[in-house]
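If you read the sequences in order, they're chains A and L. Quick note: the first sequence, position 34, residue 50 per my numbering, numbers continuous. Quick note: the second sequence, position 322, residue 412 per my numbering, numbers continuous. Let me begin by presenting the structure, written as structure tokens, before commenting on it.
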Amino acid sequence: MNIPTFRIASPLRPFIALALLLAVGCKAHAALNVVACEPEWASLAKEIGGDRVNVSSATTATQDPHRIEARPSLIARMRNADLVVCTGLDLEVGWLPMLIQQSGNSRLASGSPGYFEAGRFVTPLEVPVRLDRSDGDVHAQGNPHIQLDPRNIAKVATALAERLGRIDAPNAGAYQQGLQAFQARWSAGVAKWEQQAQPLKGVAVVSHHKNMSYLWAWLGLREVGTLEPKPGVEPSAGHLSALSAQLAKQPAKMVVRSAYEDARASQWLADHAQVSMVALPFTVGGNDKATDLFGLFDSTVALLLDGAK
Amino acid sequence: MSIRLSAVALVAAAFVPPSAHAADDSELRDIRAQLEQMKATYEGRIQALESRLQALQQRLEATPLTGIATSAPAMASAHKDEAAPVREATGGAVPPERSGDAVAASAAAEPLTSAAPGGAQTAASGFNPAISLILNGSYANLSRDPSLYRLQGFIPSGGEVGPGARGFSLGDSELSLSASIDPTFSGRLTASIAAEDRIEVEEALFERQGLFDGATLRGGRFLSSIGYLNSQHAHAWDFFDAPLVYQAFFGGQMQTDGLQLKWLAPTDRYFELGVEAGAGRGFPGAESKRNGIGSGALFAHLGDDLGDSASWRTGVSYVLNRARDRTYDDTDATGAPVTNAFSGNSRTWVVDAIYKWSPGGNATRTNLKLQGEYFRRTECGMLVQDIAAASGGNSGDYRSTQSGWYLQAVYQFIPQWRAGVRYDRLDSGRVNIGLVSAGTLSAADFPILQSARPSRATAMVDYSLSEFSRLRLQFAADRSNPAATDRQIYLQYIMSLGAHGAHSF
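What follows is the structure, given as structure tokens:
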């Protein structure tokens, strides 16, 4: 009696037929679909690609990029992406692999041209010498928050333009033009910000999380502590008191947090240690002025100068 | 076209090589890993390696591959000043006056793709699969003897059902190994090591992504993608135990030994279709001596965002099992133990919905998760009472329609702390036993099948010191058996070691 196999076959058949039909029937979109993991890379892809790219960011400035839900809408976006532009350095390890795996989009597989990790094109800071979770949420390949050094943005821009040209070869020239226009404006911007930030050299700061290291390295500020006792560990009352006592002896100018971090811990320390509290946009969209990459750095430098007064 | 042919075609298609991927890097990481290991053991040899690195770097600087060269010095210095909280970005960083076009252009070169000559020592272990381990255990205080537990009105599934043991007990430890197999396939093994020195294969699967656009093929043993909770491992559950519907309808979770094809539609809204074909050995199927496919499943999931803060997913699934001599133990009207067997078709529908909310989409501080699933099963076939009897037992028609649901809410009210409630309800529904309606036997000969509406109310609070450890306290009033309420208190720990797995929605 072979009826059972037939019985199972009948409900399956329409699904298989539908799947094959739709898969064959779908054509690639005209503009290149780019999904950025973080807003800064969406902004950069837009600067370089202009109208040739259809860019969206998987996260916003008010979300912690370490902890993002692998939401259905993000899986659907990955499904249709030609290129995913992420920070890498294990920043998105808690969610991006799930998105890519569930998207069924082999163009985005790790190692494919459609998978772009910005962190590979910059010099990572704070590469741990030992890997042990007792040190908190450490990243094996170094600190992944690379976007607050504009010189990193320039390096990534060059690599990204090259990658866009590889995926969309007919427009490679246009991406190079886009890159050159951007780099010209960008180097002028960097020179301006470095000029403005001269007074910040050597200024002592406390950060919420170790996500400002590239900014401090670029502008020469000194980080004398973090609100998190260890990376990724919530600020505790005991640690904050110790930090406050430390600041009484070795004063800092300001407590700095990014837009997505809760204000309570930094507010507490700012009140107790009598220092100013600065909320940096951290990425594009982190405040009203940070509407693009230029606005991000204009605002960041201005806020730091204000906080250091 | 029979399903067998489709399955063969799918497997064949899976072996067609994919388009060439760009070979992936990475000399630098190899050397860094090597450096780190060496440092731990032979402090002295570090110097030698660093000089090798310097030499390599100088060689590279002589070539146009400056992408590598700029990274190398930072790597070397990373080992010298590990104590420094912030290292000056001197090594590879661009001096301010040089920033701009020229430098950026020189950084354009991609990292090298060739194998590292100096990385040979760690190269072999570098291919080791990612390993993750979950430790889990509990302390239970149960008001009723767990050996008396039964889900009244439902044919026992023989799976992981019931409240577990009293007192301290070690839960299943979960060991998972995963890696890419080659550019086409990836694979994963998840074994669960039970406290009774028993190892069970929870999942052992290979996966082929992009079989065609948006399609993923899986083979081996895997947790079926039906419903919402079914595909999640126990450590990711929000409560100590599985909802009653899962216990009653699938004996815990439905595993498929076979093939799965999933396809994601190229739409802006998440829309996924999938089909599974399996052996159907697990409940509600049974061990089969026949060729062919014992179970089939179809599922569709739809999901999207509601603004920045909320997102949802809903789905419907259908499972068909062919059961042959699926036995269960009961007593007859005199109280003597008997073994009965069901043969026939079991059809299960599952409707699931999940809604997650967090302010601005940032779930770090507070978030809310609402989830619910409804199961409905129709079984139709023959029931043999007392198969061990010399006569071969009494045989008659059997038809049942049973259903159940659960609804739960989990709220993270401050970082690290979550509280949740869950309500379970089952309805044993209409059960037509031919032997009873024909008068051969009485309803008292099938005590387990006497109708009931089991329910359970659960509340929990859990605390996560980090992403990798969780402690949970759970209270439940379990009325699985209407005879008495079992008041259950659990204290549970879940610890996660090793590789950081990504979490599903």
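Glycine residues also receive a C-beta, built at the ideal position from the N, C-alpha and C atoms.
{"Asked": "Closest by C-alpha distance to Leu60 of chain A, when choosing among A:Asp184, A:Gly194, A:Pro113", "Found": "A:Gly194"}
{"Asked": "CB of Val222 of chain A within 8 Å of CB of Val240 of chain A, strictly", "Found": "yes"}
{"Asked": "8 Å Cβ cutoff, Pro186 of chain A in contact with chain L", "Found": "no"}
{"Asked": "Nearest residue (CA-CA) to Leu180 of chain A, options A:His161, A:Val69, A:Asp80", "Found": "A:Val69"}
{"Asked": "Members of the stretch 246–276 of chain A near chain L, C-beta cut-off 8 Å", "Found": "Gly248, Val249, Glu250, Tyr276"}
{"Asked": "Neighbourhood of Pro427 of chain L by C-beta, 7 Å cutoff - its chain only, sequence neighbours within 5 removed", "Found": "Asp419, Thr421"}
{"Asked": "Cutoff 8 Å: Asp314 of chain A Cβ touching any chain L Cβ", "Found": "no"}
{"Asked": "Spatial distance of Gln461 of chain L from His391 of chain L (CA atoms)", "Found": "14 Å"}
{"Asked": "Member of L:Asp535, L:Met550, L:Cys470 whose CA lies at the smallest distance from the CA of Trp507 of chain L", "Found": "L:Met550"}
{"Asked": "Exposed unless 16 or more other CB atoms sit within 10 angstroms - verdict on Gly384 of chain L", "Found": "buried"}
{"Asked": "From L:His325, L:Asp514, L:Ser436, L:Asp552, residue whose alpha carbon lies closest to that of Arg543 of chain L", "Found": "L:Asp514"}
{"Asked": "Spatial neighbours of Leu147 of chain A in its chain, beta-carbon cut-off 7 Å, leaving aside the 5 residues before and after", "Found": "Val154, Ala156"}
{"Asked": "Distance, Met472 of chain L Cα to Pro333 of chain L Cα", "Found": "28 Å"}
{"Asked": "Residues that Pro113 of chain A contacts on chain L, provided the C-beta gap is smaller than 8 Å", "Found": "Ala592"}
{"Asked": "Where the alpha helix (DSSP H) containing Phe387 of chain L begins and where it ends", "Found": "Checking the displayed sequence, the identity of residue 387 of chain L turns out to be Ala instead of Phe. Per DSSP, Ala387 of chain L belongs to no alpha helix (DSSP H); it is in the beta strand (DSSP E), 385–396."}
{"Asked": "Contacts that Ile91 of chain A makes with chain L (C-beta to C-beta distance below 9 Å)", "Found": "Leu354, Tyr360, Glu362, Gly393, Phe595"}
{"Asked": "Proximity below 8 Å, CB of Ala574 of chain L to CB of Arg240 of chain L", "Found": "no"}
{"Asked": "Own chain partners of Ala533 of chain L with C-beta closer than 7 Å, once the 5 adjacent residues on each side are dropped", "Found": "Val526, Gln540"}
{"Asked": "Chain L contacts made by the stretch 52–73 of chain A, where a contact means CB separation under 7 Å", "Found": "none"}
{"Asked": "Close beta carbons around Ala168 of chain L, own chain, < 7 Å, minus the five adjacent residues each side", "Found": "Because the pLDDT at Ala168 of chain L is just 38, under 50, the model does not fix this residue reliably, and the value given afterwards should be weighed accordingly. Excluding positions up to five away in sequence, the list is empty."}
{"Asked": "CB contact check: Pro505 of chain L to chain A, cutoff 8 Å", "Found": "yes"}
{"Asked": "CB contact check: Thr76 of chain A to chain L, cutoff 8 Å", "Found": "yes"}
{"Asked": "Option in L:Ser433, L:Ala255, L:Gly451, L:Val365 with minimal Cα separation from Arg87 of chain A", "Found": "L:Gly451"}
{"Asked": "Beta-carbon neighbours of Arg403 of chain L, restricted to chain A and to distances below 7 Å", "Found": "Pro88"}
{"Asked": "Length-filtered (4 minimum) alpha helix (DSSP H) runs lying within the stretch 92–132 of chain A", "Found": "112–119"}
{"Asked": "Minimum C-alpha distance to His225 of chain A - residue among A:Ser282, A:Ala264, A:Gly302, A:Ile169", "Found": "A:Ser282"}
{"Asked": "Closer than 8 Å to chain L by CB, Ser122 of chain A", "Found": "yes"}
{"Asked": "Length of the line joining the Cα atoms of Arg149 of chain A and Ala253 of chain A", "Found": "22 Å"}
{"Asked": "Alpha carbon of Gly261 of chain L to alpha carbon of Gly317 of chain L, nearest angstrom", "Found": "24 Å"}
{"Asked": "Pick from A:Ile91, A:Val50, A:Arg83 that is closest to Ser73 of chain A, judged by C-alpha positions", "Found": "A:Val50"}
{"Asked": "Residues near Arg95 of chain A in its chain [Cβ-Cβ closer than 7 Å; skip 5 each side]", "Found": "Ser119, Gly120, Asn121"}
{"Asked": "Ile635 of chain L vs Ser586 of chain L beta-carbon contact at 8 Å", "Found": "Residue 635 of chain L is absent from the model: chain L starts at 91 and stops at 595."}
{"Asked": "Assigned secondary structure, Glu172 of chain L (DSSP; H/G/I helix, E/B strand, else coil)", "Found": "Here the model assigns Glu172 of chain L a pLDDT of 38, short of 50, so the residue's position is not dependable, and the following value carries that caveat. Reduced to three states, the DSSP call for Glu172 of chain L is coil."}
{"Asked": "Span of the beta strand (DSSP E) around Arg543 of chain L", "Found": "Element bounds for Arg543 of chain L: n/a, residue is neither H nor E."}
{"Asked": "Environment of Lys379 of chain L [buried if 16+ CB atoms lie within 10 Å]", "Found": "exposed"}
{"Asked": "Uninterrupted alpha helix (DSSP H) stretches inside the stretch 170–244 of chain A (no shorter than 4 residues)", "Found": "188–212, 229–235"}
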